[in-house]
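Asks: So the sequence shown is numbered by my numbering: it starts at 1 and just counts up by one.
A virtual CB, placed ideally from N, CA and C, is assigned to each residue, including glycine.
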Amino acid sequence: MKIYILEDDQDQSDLYKLWLDDYDCTVFDKARDLIKQIPFAVPDVLLIDWNLPKVDGLDVLHWLKGSRYENIPVIFLTSRNDEDDIV
């Protein structure tokens with residue numbers, strides 16, 4: 001299973017890779033790099049940090065849903081704890 005992780009915090013990225021060691025994981029720290037890679041190797045699932053500089057996780061989700069890659073499953077990662085944000 002190919003998993004792309006979009007996370008700008010190196011410690012968090014390392015932790016996710018450790019947890020997902022049995023999977024083919026690629027980490028991106030910039031949304032534009034992730035978006036450029038998807039046409040060349042479509043992942044089975046995306047793990048996306050919500051809070052990113054410049055282009056945030058919601059921007060990436062909107063791009064996906066308006067593209068031919070709209071069926072890629074997405075899991076949002078966030079440190080936000082406001083119930084409205086999480087739901």
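Do A31 and D56 have their C-beta atoms closer together than 9 angstroms?
Replies: yes
Asks: With distances taken from CA atoms, which of D44, L15 and D33 is nearest K54?
Replies: The residue among D44, L15 and D33 with its C-alpha nearest the C-alpha of K54 is D33.
Asks: CA-CA distance, F28 and L58?
Replies: Near 16 angstroms, if we compare the C-alpha coordinates of L58 and F28.
Asks: Can you check which of these residues, L15, Y23 and R68, is closest to I38 by C-alpha distance?
Replies: R68
Asks: Rounded to whole angstroms, what is the Cα-Cα separation between L77 and Y16?
Replies: 10 angstroms
Asks: Check the DSSP bridge columns for V27 and list the partner residues they point to.
Replies: I5
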